[in-house]
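Student:
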Amino acid sequence: MARAGTACSASTASGGRAESAARGSRCPPALPPRHPPFTRHPLSAARRCRIFLLVISLLVISRFETRGFSQMTSADSFATRLDRHLDRVTRRRGELGAPQVAVRAPGLGIDYRFGDADARFHVASVGKLATATLIAQLVERRALAFATPVAELLPRDELAGLFETTPATDAAGGASVDQLLSHTAGVADYFDGPVASGSRMRDLVVDDPDRFWSPAELLAFSRERQRPIGRPGERFRYSDTGFVLLGRIVEEATGQAFHEALHERIFRPAGMLDSALLFHSVPERDRATSAADGDPADGRGSTTSAAAPPRTAIAPLRLGRVEASRFTSLSCDWAGGGIVSTPDDLLAFSRALHDGTLVAPATLAHLAEPRNRFRPGLRYGAGMMQVRFGGFSPFLAGLPRPTGHVGVLATHVFHDPAHDADIVLNFASTREMRRSFMTLIEIERALQQVARA
260 MARAGTACSA STASGGRAES AARGSRCPPA LPPRHPPFTR HPLSAARRCR IFLLVISLLV
320 ISRFETRGFS QMTSADSFAT RLDRHLDRVT RRRGELGAPQ VAVRAPGLGI DYRFGDADAR
380 FHVASVGKLA TATLIAQLVE RRALAFATPV AELLPRDELA GLFETTPATD AAGGASVDQL
440 LSHTAGVADY FDGPVASGSR MRDLVVDDPD RFWSPAELLA FSRERQRPIG RPGERFRYSD
500 TGFVLLGRIV EEATGQAFHE ALHERIFRPA GMLDSALLFH SVPERDRATS AADGDPADGR
560 GSTTSAAAPP RTAIAPLRLG RVEASRFTSL SCDWAGGGIV STPDDLLAFS RALHDGTLVA
620 PATLAHLAEP RNRFRPGLRY GAGMMQVRFG GFSPFLAGLP RPTGHVGVLA THVFHDPAHD
680 ADIVLNFAST REMRRSFMTL IEIERALQQV ARA
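Numbering (the working numbering), first residue to last: 260 to 712.
Printed below as a string of C-alpha cells:
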C-alpha cells in the first residue's frame with residue numbers, strides 16, 4: 260500500500276493507474292500551477308498583462324507570508340509559522356482532526372511536533388523504505404546483489420504466472436532484485452492494478468473488512484486475476500506485488516520471518532520502540548506485556564496465522580469516506596507497507612537510514628538515485644522517491660529535493676539533505692494527499708527561510 264494505508268493508485272510512465280473517486284488515489288495528484296504554462300509562441304498583450312499581474316500578486320503574497328518572519332532564526336519562529344498553517348489545515352479537515360507532523364533539523368535547532376505525537380498509525384507505502392533497506396543490508400553482506408536474478412532466490416512455483424517469460428528466460432523472465440525495487444520487473448500490482456475477473460483488492464479491503472490476507476494469498480491474487488504488464492526492464496509500473504516478492508526474498512535470504520527481520524535489523528538498531536508489522540508482531544514497548552499474556556506475536560517464530568493476528572491499536576484512518584483503522588483486511592499490506600509506527604520512531608528511522616547506521620552512504624545512494632517519473636514532481640529510484648517541487652510549479656523549483664517515500668494515506672517520510680532535516684507527516688486519509696503535499700511545501704519554505712536568516 261503506498262497506502263499511507265490502502266486503496267491506492269500509482270502512476271506510470273506508460274499509462275497511469277486507474278483512480279478510485281470513492282476511495283481516493285494512491286499517488287499524490289499533481290498540484291495545479293498557479294500561473295499560465297510557458298509557451299513558445301508570441302504572447303498577446305492581454306496575456307502578458309495577466310502574467311504580469313500574477314507575478315505581482317505572487318510577490319505581494321510572498322511578502323505578506325514572510326511579514327513577521329524576517330527574523331526567523333529560532334525554532335520558535337519556525338513553530339509559529341507551521342502552527343498557523345496547520346491550525347488552518349486542521350479546521351478544514353473537520354472530523355479528521357489534526358494531522359501528525361514531525362520535523363527535526365538539529366543544525367537549525369528545530370525539533371517540531373504537531374498533533375498527537377504518541378499515536379501509532381499505519382504508514383502505508385512508507386514501509387517500502389524499510390523493505391528496500393533490508394534488501395540493501397543483504398547486498399552489503401553479500402547474501403545477494405542488486406543484479407541477482409529473482410529466480411535464483413525464490414521457488415519456481417512461487418514465481419509462476421507473475422512474470423512475462425519465454426522459453427529462453429527463467430521463471431521470473433530474467434527479472435532482477437533491482438528491477439523489483441525500481442518497479443520495472445513487469446509484475447502486476449495486486450492492490451490497485453486491473454483484474455481479469457472479480458473485484459479489485461482496493462475494493463475488497465472495504466467490502467470484506469474481516470478478511471485476513473497472507474503474503475501467499477496476495478501473490479495468488481496477482482497470479483490468478485492479473486497479467487504481467489510487460490517484460491522486465493521494459494517499463495515503470497508501480498507494483499505492490501513486487502514488494503511482496505522482496506519481502507519473501509528477505510525471508511529466504513535471512514531464514515527469518517519478515518517481521519523478525521524488521522525488528523532485528525531495523526527497529527532495534529534505530530531505536531524504534533513503538534513500531535511493528537501490523538497483524539504479525541507487536542511493538543517492542545508492548546512486548547513484555549504481550550509475552551506475559553501469551554500473545555504469540557512476540558517477534559519470534561513464523562508469520563502469524565489468520566487465527567490470532569496480533570492487534571496493535573492505531574490512529575483512525577480513512578479509505579475514501581470509510582473509517583478503516585480496525586479492518587483486518589489491512590493485512591493486505593505486508594512488505595509493501597504494513598508497518599505501524601509513530602512520528603518519533605519514523606524520525607529515528609529516517610536519521611538512521613541517512614547517517615550510516617542502517618546502510619552505507621554508497622548503498623543508500625543507489626536506492627535514492629532517481630530513475631523514473633512517478634508523478635509530476637516525483638521521481639522514483641529503487642524503493643525511494645525524490646520530490647522535485649519544480650514539477651508542481653516553476654515557482655517552487657528553488658526548494659530542496661528531499662528523498663523518502665509517501666503512502667496512499669497521505670503519509671510521508673522524507674530527508675532533506677540541504678537542511679539535514681527529517682520530516683514525517685500523517686494525514687491519515689486517501690483523500691488528503693494534496694493537502695499533505697501543500698504542508699510539505701510549507702515546511703520546506705520555512706526551513707529555507709530559517710537557514711537564510
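Built from N, CA and C at the ideal position, the CB exists for glycine as well.
1) Between the alpha carbons of ARG544 and HIS664, how many angstroms are there, rounded?
2) Quick check on DSSP: helix, strand or coil for ALA447?
3) Is the separation between the beta-carbon of ALA520 and that of LEU637 shorter than 7 Å?
4) Excluding sequence positions up to five away, which residues of its chain have a Cβ less than 6 Å from the Cβ of PHE373?
5) Taking the alpha-carbon of GLY657 as reference, which of LYS387, GLN708, PHE450 and PHE422 has the nearest alpha-carbon?
6) Given a cut-off of 7 Å on the beta-carbon distance, is the pair ALA669 and LEU576 in contact?
7) What does a CB cutoff of less than 8 Å around ALA376 pick up in its chain, not counting 5 residues either side in sequence?
8) Output needed for THR616: all residues of its chain with C-beta closer than 7 Å, excluding positions within five of it in sequence on either side, in chain order.
9) Can the beta-carbon of ALA364 be found closer than 7 Å to that of HIS678?
10) If you drop the 5 nearest sequence neighbours on each side, which residues of the same chain put their C-beta closer than 7 Å to that of ALA627?
11) Leaving out five residues on either side along the sequence, give the residues of the same chain with a beta carbon under 6 Å from the beta carbon of PHE586.
12) To the nearest angstrom, how far is it from the Cα of ARG496 to the Cα of THR443?
13) Can you check DSSP and say which residues form a bridge with ARG372?
14) Taking ALA455 as the reference, which of ARG484, GLU476, PHE405 and GLY433 has the closest Cα?
15) Could you pull out every residue in the same chain whose Cβ sits closer than 7 Å to the Cβ of ALA611, ignoring the five residues on either side in sequence?
16) Just tell me which of GLU510, SER534 and PRO542 has its CA closest to the CA of ALA402.
17) I believe VAL409 touches ALA431 by the beta-carbon criterion, under 8 Å. Please report the beta-carbon distance rounded to the nearest angstrom.
18) What is the rounded straight-line gap between the Cα of GLY597 and the Cα of ALA712?
19) Go ahead and label HIS300 buried or exposed: buried means 16 or more other beta carbons lie within 10 angstroms of its beta carbon, across all protein chains shown.
20) Using only CA atoms, which one of VAL541, LEU413 and ALA574 lies nearest to GLY514?
21) Going by other Cβ atoms of all chains shown within 10 Å of its Cβ, with 16 needed for buried, is ALA391 buried or exposed?
22) Whole angstroms is fine: what's the gap from ARG634's alpha carbon to PHE651's?
23) Could you compute how far the alpha carbon of ILE702 sits from the alpha carbon of ASP370?
24) Let me confirm a value: GLY501 is counted as buried when at least 16 other C-beta atoms fall within 10 Å, else exposed. Which label applies?
25) Of all the alpha helix (DSSP H) runs that stay within the bounds of the stretch 443 to 497, which reach a length of 4 or more residues?
26) So for PHE673, helix, strand or coil by DSSP?
27) Along the chain, where does the beta strand (DSSP E) that runs through SER600 open and close?
Tutor: According to the data block:
1) Approximately 25 Å, taken between the alpha carbons.
2) In the structure shown, ALA447 adopts coil according to DSSP, grouped into three states.
3) no
4) LEU345 and VAL360
5) Taking only the C-alpha atoms, the option nearest GLY657 is GLN708.
6) No, the pair does not count as a contact, with Cβ atoms beyond the cut-off.
7) GLN359, ALA361, THR601, PRO602 and ASP603
8) PRO528 and ALA529
9) yes
10) GLY640, MET643, GLN645 and THR662
11) Result list for PHE586: PRO468, in chain order.
12) Near 6 Å, if we compare the C-alpha coordinates of THR443 and ARG496.
13) ALA361
14) For ALA455, the nearest C-alpha among the options comes from ARG484.
15) PRO528, ALA529 and LEU617
16) GLU510
17) 4 Å
18) 40 Å
19) Bear in mind that a pLDDT of 43 at HIS300, under 50, signals an unreliable position, so the number given afterwards is only what the model happens to contain. Answer is exposed; the Cβ neighbour count stays below 16.
20) LEU413
21) buried
22) 10 Å
23) 12 Å
24) buried
25) 460 to 466 and 474 to 484
26) strand
27) 598 to 600
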